[in-house]
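Encoded as structure tokens, the structure appears first; notes follow it.
2 protein chains.
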Amino acid sequence: MKNRIEEIRKERGLRQEELAEALEVSRQTISSLENGRYNPSIILAFKVAAYFGMQIEDIFIYEGDAQ
Amino acid sequence: MKNRIEEIRKERGLRQEELAEALEVSRQTISSLENGRYNPSIILAFKVAAYFGMQIEDIFIYEGDAQ
DNA sequence: CCTCCTTGTAAAGCTTGCTTTACATAAAGA
DNA sequence: TCTTTATGTAAAGCAAGCTTTACAAGGAGG
């Protein structure tokens, strides 16, 4: 799974901490997602998509079985 | 999170076990998802959507913060 | 140089997603 | 009645997502 969180966050001029607060997660969670340390839960993916006003599929890119 | 897995599975004439096999998870996982015992990982949500040829948002319904 | 701001990352711990094994039950058919 | 098929669910255990605390490092500005 790749994701475009960092890209979209920066487009909107947000800091990791601001995004974290808006999504009700820790800053480390945002950092970890942006750097691919783990995948979000589906709940968090929905929150991200809702906050950005986008579809999950436009933010998170599933690349087959591996990862 | 609600989901339409059971509904779509039945539309397509599949047993839980067949769907489980196709998605490479256990039958209990399908049963648990259909009965709302827990939410899927985002990877599994992507697999379900890909298998059904639908968008995640059309199968899984996020209902705000609770659940 | 010093300080602040932003980000990266690690460790420990809790919670949740998923597995295997196992048993129960209802429906359908011989 | 007996058996088979499909489904529900529980328990134990491992893996992954997320938290808090903590520290490191680069860039910008005084």
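Order-wise, the sequence lines are chains A and B.
Residue numbering for the first sequence follows numbering that gives the first Met the number 0, beginning at 0 and increasing consecutively.
Residue numbering for the second sequence follows numbering that gives the first Met the number 0, beginning at 0 and increasing consecutively.
Using N, Cα and C, we set each Cβ at its ideal position, and we do this for glycine too.
For residue i, decide whether its Cβ has a neighbour in chain B, counting only Cβ atoms nearer than 8 Å.
i, result
"N34 (chain A)", "no"
"A44 (chain A)", "yes"
"F51 (chain A)", "no"
Taking residue i as the query, report the chain B residues whose CB atoms sit under 7 Å from its CB, ordered along the chain.
i, result
"E56 (chain A)", "Q54 and I55"
Using beta-carbon positions only, say whether residue i and residue j come within less than 8 Å of one another.
i, j, result
"I58 (chain A)", "L32 (chain A)", "no"
"E56 (chain B)", "I41 (chain A)", "no"
"A19 (chain B)", "R11 (chain B)", "no"
"K9 (chain B)", "I60 (chain B)", "no"
Please tell me whether residue i has its Cβ less than 8 Å away from any Cβ of chain A.
i, result
"S40 (chain B)", "yes"
Residues of chain A with CB closer than 7 Å to the CB of residue i, please, in chain order.
i, result
"F59 (chain B)", "I41"
According to DSSP, residue i sits in a beta bridge with which residue or residues?
i, result
"N38 (chain A)", "In the DSSP output, where bridge partners are listed per residue, N38 (chain A) has none listed."
"K101 (chain A)", "Residue 101 (chain A) lies beyond the residue range present for chain A, which begins at 0 and ends at 66; the question has no answer from this structure."
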